[in-house]
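Have a look at the structure below before the remarks.
In the numbering used here, the protein residues as written are 61 to 258.
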């Protein structure tokens, strides 16, 4: 009897291989052949599941988004009952590269953004979806905290959310670049959160 193949598991196996390449060597030179070797499958199988490198990249980004979402959820839960502040803090601290998993996630996202620099049309088609969702989530939570009197009335939730996310991304780059460690980045983020929330 022929062996049944779970196609979603196989697609994920290939997408995860691309994410490993992204987090270690970047995406600019990643070929379908290299992804096949990393996944331990044939090039033909990769091409069966993903007709183009862009299709593979988008699937891998979706898997990366799932991983980050799971990490954010766990980070928020670890802070106790969900409040606007704990959601903002949990989300941003989950993004900071402070352990092996978050370093891997940050490097994989950095690989994607670096690729977008060399292929701007890719960024125009697919680049801002996940960051936009994060920014909107943060803005809604800051607005909710503002309504509860936990954020000053004069604070613009959208601008503050954009600034906090940009700060977190910049801190992530400074950790990956060796300027500071994860603990130092976390102290800077905590200081900024303390300036937003009363």
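No residue lacks a Cβ here, since even glycine has one placed at the ideal position from N, Cα and C.
Query                                                                                                                        : Result
Less than 8 Å between the C-beta atoms of residue 81 and residue 148, yes or no?                                             : no
What's the gap between the Cα of residue 161 and the Cα of residue 150?                                                      : 15 Å
Rounded to the nearest angstrom, what separates residue 119 and residue 152 at their Cα positions?                           : 24 Å
If we call anything under 8 Å between Cβ atoms a contact, is residue 111 one with residue 103?                               : no
The alpha helix (DSSP H) that contains residue 88, what's its start and end?                                                 : Counting along the chain, residue 88 falls outside any alpha helix (DSSP H), and DSSP gives it neither H nor E.
As a quick exercise: from 168, 236 and 257, pick the residue whose alpha carbon is nearest that of residue 85.               : 168
Assuming contact is defined by CB atoms lying nearer than 8 Å, are residue 75 and residue 157 in contact in what I supplied? : no
Considering Cα atoms alone, identify which of 77, 256, 248 and 192 is closest to residue 212.                                : 256
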